[in-house]
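A.B. asks: Sending over a structure as structure tokens; questions will come in a sec.
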Amino acid sequence: MNAPRRTLLGLTLAACAALGSAHAQTTIKINGYGGTDPAVVGDLINRFVKPALAKDRITVVYEPLQGDYNKSLTTLLAAGNAGDVFYLPAETLDGFVATGKVLPLNGLVNTSPFIKSLNAAFTRGGRLYGVAKDFNTLTLVYNRSLFDEAGVKYPDGTDTWATLQTKLTTLKQKLGPDYAGICLQPNWDRFGAFAFATGWTQFDSKGRTNLADPRFAEVFNFYTGLARNKVGVQPSEVSEGWTGGCLKTGKVAVGIEGNWVVNFLRDNAPNLKFGTALMPKNTKTGQRGNFLYTVGWAINSGTKNRAASLKVLNILTSPQVQQYVLEQGLAIPSRTALTSNAYFRKTDPGAQNSRLVFDGADDGNVRAFTFGPQGADWSKPINEALAAVLSGQKSAADALKKAQADMNTFQKR
């Protein structure tokens, strides 16, 4: 009698264990940025993720990484303590892919609804490592009042480098020494968009960078030449730290920025009347250049909850979530279907800016903002050369010669 009872008891315990396992709560941990992101992502989780996954007994927690995100994530991945799902910045993608800690998503997610250039930004060797959660491109954001006062036509989508330069020079001449045509940041993250318009490529087939390419010299001379006669000024020349600050002063007519500048101007320069235009076309090639600033959702290759992580990723990139992100005005969602979105048909400056940022994703020579396998130090020779010329310390020729020498030394490491 004892044996059958033990067998019955064993079956009962096994059944209970199976039942408990079937109803166990699964927790998916997300790593992302600090700052304002915890509030935004927390709202997304409460509004969309939790309701959709309640029946699956999947809960999601957001654990922001404060400080240097890339360094912190690298440490957590190496220790096996990173989130199941995490932000994957395009600019540092290569370094994370090399660790083997990012799950290839081919065959696991449907990428067809997303902008092709964004899919390409997260693809290496034919493998997709992230799905863009949102993105930004650069546009020309201009002070309408200054163009009106100078009697100069606004920048528009037909502008070439030459016609834009003429407009800026004329505006400066009309308004006088207290005003400037354009804010010029001495950094790759703005200058590089113009470089792509020439057809110049950041890396050759061997991963090397050629700053001696005539096309690079062309764009370098154009960009730094805008500083001639103070038509263009650096942010520091108007006691500001970035382009948005230049626009805020009301003394600089044009800034090169992404969609993030809209909320900044709304909060810090509420009376400024601004408009937006696409980046100008290179006069020779007839092409625009632009950056894709983007962060993807990625999955930890070591997660023990792959299926649940995929469910979370799919919800976070769903049409409902992307619509919400769009209407917050922080960044532009990555689905192609948004082309016909009603938000883009609004006439307010913020919505119009968003529309042109969206359009910029596949207009001309658009490349992901990335530093390649070398990391952020890759851009230092370019940034230093720009700063030296814009501040009058070096000629363009001398600055470029030194930049190439510094780049060669850096890439030999």
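Mapped onto mature numbering (1 follows the signal peptide of the UniProt record, and there is no 0), the consecutive letters of the sequence shown carry residue numbers -24 to -1, 1 to 389. Ideal placement from N, C-alpha and C gives every residue a C-beta, glycine not left out. Note that the structure is a prediction, hence the values are computed from the model and not measured.
(1) When DSSP labels each residue in this structure, what does V128 get in the three-state scheme?
(2) Look up L104 in the DSSP assignment and say whether it is helix, strand or coil.
(3) In three-state DSSP terms, what is R264?
(4) With G220 and Y118 assumed to form a contact (beta carbons below 8 Å), what rounded beta-carbon distance in angstroms separates them?
(5) Output the distance between the C-alpha atoms of S(-4) and A30, rounded to the nearest integer angstrom.
(6) Thinking P89 and R311 are a contact (beta carbons under 8 Å), I'd like their distance in whole angstroms, please.
(7) My output table needs one value for A253: the three-state DSSP class, helix, strand or coil.
(8) In angstroms with no decimal places, state the Cα-to-Cα distance between E360 and G231.
(9) When the distance is taken between beta carbons, is T261 closer than 8 Å to W137?
(10) Grab me the residues of P14's own chain with a C-beta within less than 7 Å of its C-beta, minus the 5 sequence neighbours each way, in chain order.
(11) Could you tell me which residues DSSP pairs with C159 in its beta bridges?
(12) Give, in chain order, every unbroken run of the alpha helix (DSSP H) that is at least 4 residues long and sits entirely within the segment 25 to 85.
(13) For the beta strand (DSSP E) that contains R343, what are its first and last residues?
(14) Compute the distance between the beta-carbons of K5 and G278, then report whether it is under 8 Å.
(15) Could you give the distance in angstroms between the alpha-carbon of L241 and the alpha-carbon of T2?
(16) Just tell me which of A379, T385, Q296 and R120 has its CA closest to the CA of L223.
(17) Find the nearest neighbour of L147 within the set F170, N290, D382 and E125, judged by alpha-carbon distance.
(18) Name, in chain order, the residues that DSSP records as bridge partners for F111.
(19) Identify, in the order they occur along the chain, each residue of the same chain with its Cβ nearer than 7 Å to the Cβ of P80, setting aside the five sequence neighbours on each side.
(20) Taking buried to mean at least 16 other C-beta atoms within 10 Å of its own C-beta, is G43 buried or exposed?
(21) Could you tell me if the beta carbon of G101 falls within a distance shorter than 7 Å of some heavy atom in the ligand NAD?
(22) If you measure between the beta carbons of D110 and S285, is that distance less than 8 Å?
(23) Taking the alpha-carbon of V297 as reference, which of K182, G8 and V16 has the nearest alpha-carbon?
(24) I need the straight-line Cα distance from Q161 to T35, nearest angstrom please.
(25) Let me check understanding here. Comparing Cα to Cα, which of L332, D324, P325 and W236 lies closest to T315?
(26) Please work out which residues of its chain come closer than 7 Å, Cβ to Cβ, to V73, disregarding the five sequence neighbours upstream and downstream, and give them in chain order.
(27) How about the segment 320 to 327 and the segment 340 to 355: do they share at least three Cβ pairs that are nearer than 8 Å?
(28) Between L376 and the rest of its own chain, which residues show a CB-CB distance below 8 Å, the 5 nearest in sequence each way excluded?
(29) Could you spell out where the beta strand (DSSP E) holding T3 opens and where it closes?
(30) Let me know the secondary structure DSSP gives F347 once reduced to three states.
(31) For the beta strand (DSSP E) that contains A373, what are its first and last residues?
(32) Around the Cβ of Q210, are there at least 16 other Cβ atoms within 10 angstroms (buried) or fewer (exposed)?
(33) From which residue to which residue does the alpha helix (DSSP H) around I358 run?
(34) If G8 sits next to Y63, beta carbons under 8 Å apart, how far is it from one beta carbon to the other, in whole angstroms?
(35) May I ask you to report which of helix, strand or coil DSSP gives D187?
(36) Name the DSSP bridge partner or partners of E233?
C.D. replies: Checking against the coordinates, here is how it stands:
(1) Position 152 of the sequence shown, counted from the start, is the residue given in the question as residue 128. Coil.
(2) Position 128 of the sequence shown holds residue 104. Three-state result, L104: strand.
(3) Position 288 of the sequence shown holds residue 264. It is coil, neither helix nor strand.
(4) On the sequence shown, position 244 is the one that residue 220 refers to. On the sequence shown, position 142 is the one that residue 118 refers to. 13 Å between Cβ atoms; not a contact.
(5) By one-based count along the sequence shown, residue -4 stands at place 21. By one-based count along the sequence shown, residue 30 stands at place 54. With a pLDDT of only 48 at S(-4), under the threshold of 50, the placement of this residue in the model should not be trusted; the figure read from the coordinates follows. Distance between the alpha carbons of S(-4) and A30 is about 16 Å.
(6) For the purposes of this step, residue 89 is identified with residue 113 of the sequence shown, where counting begins at 1. For the purposes of this step, residue 311 is identified with residue 335 of the sequence shown, where counting begins at 1. Between R311 and P89 the Cβ distance is about 5 Å, and since that is below 8 Å, they are a contact.
(7) On the sequence shown, residue 253 is found 277 positions in, with the first residue counted as 1. In the structure shown, A253 adopts extended strand secondary structure according to DSSP, grouped into three states.
(8) For the purposes of this step, residue 360 is taken as the residue at position 384 of the sequence shown. For the purposes of this step, residue 231 is taken as the residue at position 255 of the sequence shown. Straight-line measurement puts the Cα of G231 at about 21 Å from the Cα of E360.
(9) Indexing the sequence shown from 1 puts residue 137 at position 161. Indexing the sequence shown from 1 puts residue 261 at position 285. Their beta carbons are not under 8 Å apart, which means W137 does not touch T261 by this criterion.
(10) Against the sequence shown, residue 14 aligns to sequence position 38. Around P14: Y38 and P40.
(11) Here residue 159 refers to the residue found at position 183 of the sequence shown. In DSSP, C159 forms a bridge with V209.
(12) Taking only runs of at least 4 residues, the alpha helix (DSSP H) segments lying wholly in the segment 25 to 85 are 26 to 29, 45 to 55 and 69 to 75.
(13) One-based indexing of the sequence shown puts residue 343 at position 367. Element bounds for R343: N341 to A344.
(14) To locate residue 5, count along the sequence shown from 1; it is residue 29. To locate residue 278, count along the sequence shown from 1; it is residue 302. Note that the C-beta distance between K5 and G278 is not below 8 Å.
(15) Numbered from its first residue, the sequence shown carries residue 241 at position 265. Numbered from its first residue, the sequence shown carries residue 2 at position 26. Between L241 and T2, the C-alpha separation is close to 42 Å.
(16) Reading the sequence shown from its first residue, position 247 is the one you call residue 223. Measuring from the Cα of L223, the nearest candidate turns out to be R120.
(17) The sequence position of residue 147 within the sequence shown is 171, counting from 1. For the options F170, N290, D382 and E125, the alpha carbon positioned closest to that of L147 is the one of E125.
(18) Position 135 of the sequence shown, counted from the start, is the residue given in the question as residue 111. According to the DSSP secondary-structure assignment, F111 is paired through a beta bridge with T270 and I308.
(19) For the purposes of this step, residue 80 is taken as the residue at position 104 of the sequence shown. Correct list, in chain order: R103, L104 and Y105.
(20) By 1-based counting over the sequence shown, the position of residue 43 is 67. Classification of G43: exposed, given that the 10 Å Cβ count is below 16.
(21) With respect to small molecules bound, the structure shown includes none, and the ligand NAD cannot be examined in it.
(22) Stepping through the sequence shown from its first residue, residue 110 is reached at position 134. Stepping through the sequence shown from its first residue, residue 285 is reached at position 309. In this structure, the beta-carbon distance from D110 to S285 does not fall below 8 Å.
(23) Counting from one through the sequence shown, the residue named residue 297 turns up at place 321. Closest option to V297, Cα to Cα, is V16.
(24) To locate residue 161, count along the sequence shown from 1; it is residue 185. To locate residue 35, count along the sequence shown from 1; it is residue 59. Rounded to the nearest angstrom, the two C-alpha atoms are 43 Å apart.
(25) As a first step, residue 315 must be located in the sequence shown, where it is residue number 339. Measuring from the Cα of T315, the nearest candidate turns out to be L332.
(26) Looking up residue 73 in the sequence shown gives position 97. Within the same chain, V73 has close Cβ partners R100 and Y105.
(27) Segment contact: the segment 320 to 327 against the segment 340 to 355, fewer than three CB-CB distances shorter than 8 Å; contact not assigned.
(28) Counted from its first residue, the sequence shown places residue 376 at position 400. These residues qualify, in order along the chain: L187, A188, F192, A193, F196 and A361.
(29) For this step, residue 3 is matched to residue 27 along the sequence shown. Segment T2 to Y9, the beta strand (DSSP E) holding T3.
(30) Start at 1 with the first residue of the sequence shown, and residue 347 comes out as number 371. Here DSSP, grouped into helix, strand and coil, assigns F347 to coil.
(31) As a first step, residue 373 must be located in the sequence shown, where it is residue number 397. Note, A373: premise wrong, no beta strand (DSSP E); alpha helix (DSSP H) at A372 to Q387.
(32) Locating residue 210 in the sequence shown gives position 234, where the first residue counts as 1. Burial call: buried.
(33) The residue given as residue 358 occupies position 382 in the sequence shown. Per DSSP, the continuous alpha helix (DSSP H) segment holding I358 begins and ends at K356 to L366.
(34) Residue numbering aside, residue 8 sits at position 32 when the sequence shown is read from its first letter. Residue numbering aside, residue 63 sits at position 87 when the sequence shown is read from its first letter. So it is a contact: roughly 4 Å between Cβ atoms.
(35) Taking the sequence shown and counting its residues from 1, the one referred to as residue 187 is at position 211. Note that residue 187 is Leu in the sequence shown here, rather than Asp. Coil at L187, not helix or strand.
(36) Numbered from its first residue, the sequence shown carries residue 233 at position 257. In the DSSP output, where bridge partners are listed per residue, E233 has T115.
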